[in-house]
Amino acid sequence: MPVSLVFERNADVSGVVEVFVQSYPTLGDLMGDTNGTGSFSAIDVNPDYSIAGAFFDGDYNLVFEKDADVSGVVEVFVQSYPTLGDLMGDTNGTGSFSAIDVNPD
Numbered sequence: 000m001p002v003s004l005v006f007e008r009n010a011d012v013s014g015v016v017e018v019f020v021q022s023y024p025t026l027g028d029l030m031g032d033t034n035g036t037g038s039f040s041a042i043d044v045n046p047d048y049s050i051a052g053a054f055f056d057g058d059y060n061l062v063f064e065k066d067a068d069v070s071g072v073v074e075v076f077v078q079s080y081p082t083l084g085d086l087m088g089d090t091n092g093t094g095s096f097s098a099i100d101v102n103p104d
């Protein structure tokens with residue numbers, strides 16, 4: 000099964016140079032940094048949030064966390080895409096806020 004990593008620039012930038020996805024055919028390829036391919040996604044991250052994680056559960060999911068600690072249900076947002084191509088093109092995504100309140104420590 001392919002392994003994909005998601006990288007976000009530290010500085011907020013507009014356009015399609017903010018989120019980079021690097022994929023490898025196997026975990027061994029990732030560990031050796033061989034046979035990887037990557038490209039920038041069309042995703043433009045809200046400057047108040049950062050990518051906190053990614054997971055695959057049949058959909059490709061990105062987890063965004065608000066940079067400043069806040070209470071309530073606006074701290075963690077999960078955006079889901081049916082395919083990796085949809086994530087790369089930032090199309091057909093659906094998302095919602097989680098009730099998770101991240102410990103500020």
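Residue numbers for the sequence shown follow numbering that gives the first Met the number 0, so the first one is 0 and each next one is one higher.
Ideal Cβ positions, reconstructed from N, Cα and C, are used throughout, including at glycine.
DSSP on GLY84, reduced to helix/strand/coil?
Looking at GLY84 - three-state DSSP - the assignment turns out to be helix.
Would you call the CB atoms of MET87 and SER38 closer than 9 angstroms?
Cβ distance < 9 angstroms, so MET87 and SER38 count as in contact.
Could you tell me the boundaries of the alpha helix (DSSP H) in which GLY27 lies?
Element bounds for GLY27: 26–31.
Measuring CB to CB, does VAL44 end up less than 9 angstroms from ASN60?
It is not a contact, given that the beta carbons lie outside the stated cut-off.
Might you give, ordered along the chain, the residues of its own chain that have their beta carbon closer than 6 angstroms to the beta carbon of ALA41, omitting 5 neighbours on each side?
VAL15, GLY88, ASP89.
Return the chain-ordered ranges of every beta strand (DSSP E) run that is complete within the region 41–65 and spans a minimum of 3 residues.
Here the runs fully enclosed are 48–55, 59–65.
Contact set for PRO103: own chain, Cβ-Cβ below 7 angstroms, skip 5 residues either direction:
Cβ contact annotation for PRO103 (same chain, cutoff 7 angstroms, sequence separation greater than five): ASP68, in chain order.
Note down the Cα distance separating VAL62 from VAL2, rounded to an integer number of angstroms.
Whole-angstrom Cα-Cα distance: 17 angstroms.
Are the CB atoms of LEU83 and VAL20 nearer to each other than 9 angstroms?
Yes, they are a contact pair.
Report, in whole angstroms, the separation of the C-beta atoms of ASP85 and ASP66, which I expect to be a contact under 8 angstroms.
About 26 angstroms; that fails the 8 angstroms criterion.
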